[in-house]
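Have a look at the structure below, then the notes.
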């Protein structure tokens with residue numbers, strides 16, 4: 006049987022690859038998981054009550070685009086967070102997690118050609134793996150743009166050759182960045198929007214870590230787009246409750262953008278999507294409407310930033326993250342370091358090269374490890390100290 010060639014050379018996904026690296030070795034101590042960014046703080050206790058109260062909704066098929074209540078809660082949140090008035094019927098759609106939206110937006114919106122040639126989709130490097138797979142799925146050329154210390158850990162799309170920019174159809178950007186924790190400034194967003202206007206490409210803004218930050222709330226791309234008077238179809242926003250509310254398993258995400266953008270994504274969803282069950286949509290609407298638990302959650306992460314800053318004080322190359330819940334730590338070789346750390350201490354981290362593309366010596370992640378600060382504070386502190394003493398002492 007023949008299989009599509011475009012998927013035959015995909016690199017193995019990061020976490021199966023990590024299991025292959027580590028699992029046939031014994032841990033050198035009590036296991037501390039610091040790999041997957043799965044939030045462990047409590048979600049609001051009333052969420053399960055809302056689901057139970059709406060359990061009869063499991064009888065029917067859920068609305069494809071999200072219930073009116075959920076879409077209204079999403080646009081209300083966008084108004085509170087970014088000061089933008091959006092129409093719940095035409096500017097937003099509920100997602101079954103943002104990964105679905107980040108993938109389907111490329112399927113629905115990327116043209117088959119750009120200026121008569123194969124289109125390009127720009128991806129930061131390191132990157133969330135769905136950006137790459139979405140690019141391949143639409144037969145576009147993924148172009149991986151380094152996001153390193155030299156560019157403040159955000160991709161310098163403006164520095165690309167004209168030949169690439171003329172073929173660019175979509176640019177993915179994650180802010181706050183996973184894994185580096187860097188935040189796009191208002192100036193960065195404005196320059197990217199002007200670049201997209203000049204070369205006629207779309208911006209897909211993945212802002213899933215926007216509510217976890219140290220001091221100031223990260224600037225949102227939609228706010229800057231409105232200030233600049235940009236075409237509403239130019240920028241598409243993605244966000245979710247996974248990190249904001251510690252509800253990764255609820256699978257409540259959002260896509261927000263121009264009416265034609267939402268219309269096209271919604272139409273694809275009619276045929277190929279998996280809408281959130283109605284009782285879960287009811288819970289999601291209540292969660293999007295509540296900010297008290299978000300403030301409490303953010304305070305817990307701010308305490309974790311302080312712990313990390315204390316543990317790694319004076320470490321050359323340590324970059325305190327501005328936002329998100331990952332540390333991006335410099336090492337000589339990420340894969341060797343992760344294996345040695347596992348064998349000697351039982352602390353489990355992710356090699357940075359598993360999140361990026363490039364040949365040996367040219368992979369921007371190969372001299373880093375990603376460390377998730379999601380465990381309880383005492384356990385996290387213990388893991389960071391073990392890591393520091395094993396790698397940097």
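Numbering (the working numbering), first residue to last: 6 to 398.
Idealized CB from N, CA, C, for every residue including glycine.
Note: residue 147 is bridge-paired with 126 in the DSSP secondary-structure output.
Annotation: residue 149 to residue 107 spans about 17 Å, alpha carbon to alpha carbon.
Per the DSSP secondary-structure output, residue 245 pairs in a beta bridge with 258.
Only buried fits residue 360, as 16 or more other CB atoms lie within 10 angstroms of its CB. Classified as buried, residue 211 has 16 or more neighbouring CB atoms from the shown chains inside 10 Å of its CB. Going by beta carbons, residue 262 and residue 105 fall outside the 8 Å limit.
Rounded to whole angstroms, the separation of the alpha carbons of residue 153 and residue 180 is 14 Å. The C-alpha of residue 51 lies about 27 Å from the C-alpha of residue 219.
By a beta-carbon distance limit of 8 Å, residue 379 does not contact residue 334. Their separation comes to about 16 Å. Residue 230 and residue 42 have their C-alpha atoms spaced approximately 29 Å apart. The three-state reading of DSSP puts residue 116 in coil, since its state is none of H, G, I, E or B.
Beta-bridge analysis with DSSP links residue 227 to no other residue. In this structure, the beta-carbon distance from residue 327 to residue 187 falls below 8 Å.
Counting C-beta atoms within 10 angstroms of its own C-beta, residue 276 has fewer than 16 neighbours from the protein chains shown and is therefore classed as exposed. Pairwise C-beta distances place the region 182 to 200 in contact with the region 313 to 333, as three or more of them are shorter than 8 Å. The distance from the Cβ of residue 88 to that of residue 228 is about 6 Å, consistent with a contact at the 8 Å cut-off. Under DSSP, residue 98 forms a beta bridge with 260. Only residues of its own chain outside the window of five on either side were considered, and among them 44, 46, 47, 48 and 302 have a CB closer than 7 Å to the CB of residue 251, listed in chain order.
The region 288 to 307 makes contact with the region 64 to 75: 3 or more CB pairs, one atom from each, lie closer than 8 Å. Excluding the 5 residues flanking it on each side, residue 235 has same chain C-beta neighbours closer than 7 Å at 198 and 202, in chain order. By the beta-carbon neighbour count (other beta carbons within 10 angstroms, threshold 16), residue 370 is buried. Restricting attention to 103, 123, 70 and 204, the CA atom closest to the CA of residue 257 is found in 103. One Cα belongs to residue 260, the other to residue 243, and the distance between them is close to 5 Å. Residue environment: residue 285 is assigned as buried (16 or more neighbouring CB atoms within 10 Å of its CB, all protein chains considered). Distance check between residue 355 and each of 16, 10, 95 and 26 places 26 closest, using alpha-carbon atoms only. Proximity to residue 86 across 216, 205, 206 and 240 peaks at 216, based on C-alpha coordinates.
Within the same chain, 280 come within 7 Å of residue 68 by CB-CB distance, once the 5 residues on both sides are set aside.
Under the DSSP assignment, residue 306 falls in the alpha helix (DSSP H) whose first and last residues are 297 to 316.
The closest CA to that of residue 344, considering only 20, 28 and 21, is found on 28.
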